[in-house]
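In full-length UniProt numbering, the protein residues as written are 1 to 392. C-beta: ideal position from N, C-alpha, C; glycine also. Notes follow the structure.
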Amino acid sequence: MREAYILEGLRTPIGRYGGSLKSFSATDLGSIVIKNLLIKSQIDPKNVEEVIMGCTCQNGENAYASRTAALKAGLPVSSSALTVNRLCGSGLDSINIAAQKVILGINELCVAGGMESMSNVPYLLYEARWGARLNDVILKDGLIAVLTDPILGYHMGVTAENLAKEYSIEREEQDATAYESHMKALKALKDGFFKDQIIPIELKNYNKNLIIGDDECPRPDTSIETLSKLKPAFDKNGTVTAGNSSPLNDAAAAVVIASEEQSIKLNIKPKAKIRGFTVEGVEPSMMGLGPVKATQKVLKQTGIKLDDIDVIECNEAFAAQYLACSKILKWDMNKVNPNGGAIALGHPLGATGGILMVKALWELERIQKKFALITMCIGGGQGIATLIERVI
């Protein structure tokens, strides 16, 4: 059977909501990462058969997101493009779809990942098109709409509260997890761990060129004391706060997926082989448990034991969600999110899966180990997981 390999990866810095990257659309960020990924890997754009990118916050102008990003990046019009929306799992599922196409022989080489600009999600005025007659009109926040389960009728943060109650996860434990996430991310930034995986972005501001090369969200002033003073965000008697939840962000990330034959033809040594992937459904009110079912499935699928996994990138949508998964799976916490997670670095929805993949590739190389698991919960009640093996 044919196999799918990851030849290279790259990401942008993760911008704070309303921060340095707010002037860039999702497709701007996507095109920057696609263009520079191909430059970095020395791949002629003509060799890219398809671009598959995740984008969760799709409004009208993002309807052709992947195609727009691909053409902006200089890919030929003969290439194809697909935009994926599996909410938080969009970027990772894009990589999985690209791998499927390579394994099936449909494509020899794809670029896959995700892009998101949460800073540019618009407000919505549904009544405007046909007129409101004598009624008031309501301006709705598009971001709140994206983060609200339409079946349950409540915010994703409430599902984290559900898990905190179900698994007796106290506020102190959640805040400690958030603090640890920031400390690990700050150390990784200080040590330059992210340097080679990030393409710096140039900003033109007041006739001055500024270069943004680092993630903006990790906070050096984070402390248990400051975290403990934050009020609950979703339930006045709850434990989930803005401090122990992932923030809103802007970013893009992508990898090159290719067949073994194509990697040989291009004379590029792959970084990793994709061993398995899956998406599983769970109860929407407990959507944060998605990584549990997905991890169990991908381990069974590949015949690899959890103890054999060397690096685990589990998206920290909320500390309560992350801790619930950890309590059930009982994985080695020293292997999980070694360079900080989404609580510190950020969660730019459709881009996050690509970012986690890039981080996992670099960490495997850094520690010279073999297997990495990337897993995420997905709003609406799903979980996604991908397992990769470093090519030695």
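Status (buried if at least 16 other CB within 10 Å, exposed otherwise) for residue i
i, result
"W362", "buried"
"K271", "buried"
"K195", "exposed"
"N59", "exposed"
"D175", "buried"
"K190", "exposed"
"A188", "buried"
"M376", "buried"
"A112", "buried"
"residue 467", "Here the chain covers residues 1 to 392 and nothing more, so residue 467 does not appear."
"N162", "buried"
"Q42", "exposed"
"S20", "buried"
"L289", "buried"
"Y5", "buried"
"R390", "buried"
CB-CB length for residue i against residue j, believed under 8 angstroms
i, j, result
"L345", "T177", "Actually they do not touch by this definition, with Cβ atoms about 14 angstroms apart."
"V102", "S94", "With 8 angstroms as the limit, V102 and S94 do not qualify as a contact, their Cβ atoms being about 13 angstroms apart."
"L364", "I304", "L364 to I304, Cβ: 14 angstroms. No contact."
"E260", "E3", "6 angstroms"
"Y154", "L139", "In fact, because the Cβ distance is near 20 angstroms, the residues do not count as touching under 8 angstroms."
"M118", "L143", "6 angstroms"
"N249", "P338", "Rounded, the Cβ-Cβ distance is 20 angstroms, inconsistent with contact."
"L87", "G380", "6 angstroms"
"A294", "I374", "Wrong, their Cβ atoms sit about 10 angstroms apart, outside the cutoff."
"A128", "V121", "So it is not a contact: roughly 17 angstroms between Cβ atoms."
"T278", "V298", "5 angstroms"
"Y179", "L125", "Contact flag wrong, Cβ pair sits at about 40 angstroms."
Beta-carbon contacts of residue i that lie in its chain and below 7 angstroms, excluding the five residues immediately before and after
i, result
"P76", "P45 and K46"
"T302", "R275, G276 and L387"
"K229", "none"
"W331", "L306 and I312"
"I199", "L10, T12, I32, V33 and N36"
"L186", "P218 and P220"
"C55", "A26, N62, A65, T83, N85, S90, G114, M115, E116 and G350"
"D141", "Y123"
"G74", "K35 and P45"
"Y167", "A324 and K327"
"K40", "E8 and L10"
N-terminal and C-terminal residue of the beta strand (DSSP E) that residue i is part of
i, result
"L7", "A4 to R11"
"C55", "Unbroken run through C55: none, as it is neither H nor E."
"A317", "Run containing A317: none; DSSP gives neither H nor E here."
"L203", "I201 to N205"
"I355", "Taken as a continuous stretch (DSSP letters only), I355 belongs to no beta strand (DSSP E), being part of the alpha helix (DSSP H) at T352 to I367."
"K273", "A272 to G281"
"L109", "L109 to S117"
"R129", "Looking at the DSSP string, R129 is not in any beta strand (DSSP E), and its letter there is neither H nor E."
"T68", "Premise fails: T68 lies in the alpha helix (DSSP H), A65 to K72, not in any beta strand (DSSP E)."
"I378", "F371 to I378"
Residues near residue i in its chain [Cβ-Cβ closer than 6 angstroms; skip 5 each side]
i, result
"I97", "I52"
"G9", "V255, V358 and L361"
"Q262", "E108 and L109"
"A351", "G91, G114, M115, E116, A251, A252 and A253"
"L29", "T12, M115 and A252"
"F193", "N339"
"G341", "S181 and E316"
"I169", "A320 and L323"
"K72", "S31"
Residue i at chain E interface by Cβ criterion, 8 angstroms
i, result
"K46", "Absent from the structure is chain E; it holds one protein chain and no more."
Contacts around residue i, its chain only, beta-carbon distance under 8 angstroms, and the 5 residues preceding and following it disregarded
i, result
"D310", "K335, L364, I367, K369, K370, F371 and A372"
"S79", "P45, V48, E49, E50, V51 and A70"
"L104", "R2"
"K265", "none"
Opening and closing residue of the alpha helix (DSSP H) in which residue i lies
i, result
"T177", "R171 to D191"
"A258", "A258 -> not in any alpha helix (DSSP H); beta strand (DSSP E) instead, spanning N249 to S259."
"T239", "Counting along the chain, T239 falls outside any alpha helix (DSSP H), and DSSP gives it neither H nor E."
"A164", "M156 to E166"
"L306", "Where L306 is concerned, there is no enclosing alpha helix (DSSP H), given that its DSSP letter is neither H nor E."
"N96", "S90 to I103"
"G30", "A26 to S41"
"I144", "G142 to V146"
"S228", "I224 to S228"
"K208", "Run containing K208: none in the alpha helix (DSSP H); it sits in the beta strand (DSSP E), K208 to I212."
Any non-hydrogen atom of the ligand FMN within 7 angstroms of residue i CB
i, result
"I211", "Ligands in the displayed structure: none, and consequently the ligand FMN is not present."
At least 3 beta-carbon pairs within less than 8 angstroms: the segment 226-245 vs the segment 310-320: yes
The segment 13-24 contacting the segment 212-221, beta-carbon criterion three pairs below 8 angstroms: yes
Segment contact, 8 angstroms Cβ cut-off, at least three pairs: the segment 142-156 with the segment 279-298: yes
Sufficient close CB pairs (3 or more, under 8 angstroms) joining the segment 152-159 to the segment 225-237: yes
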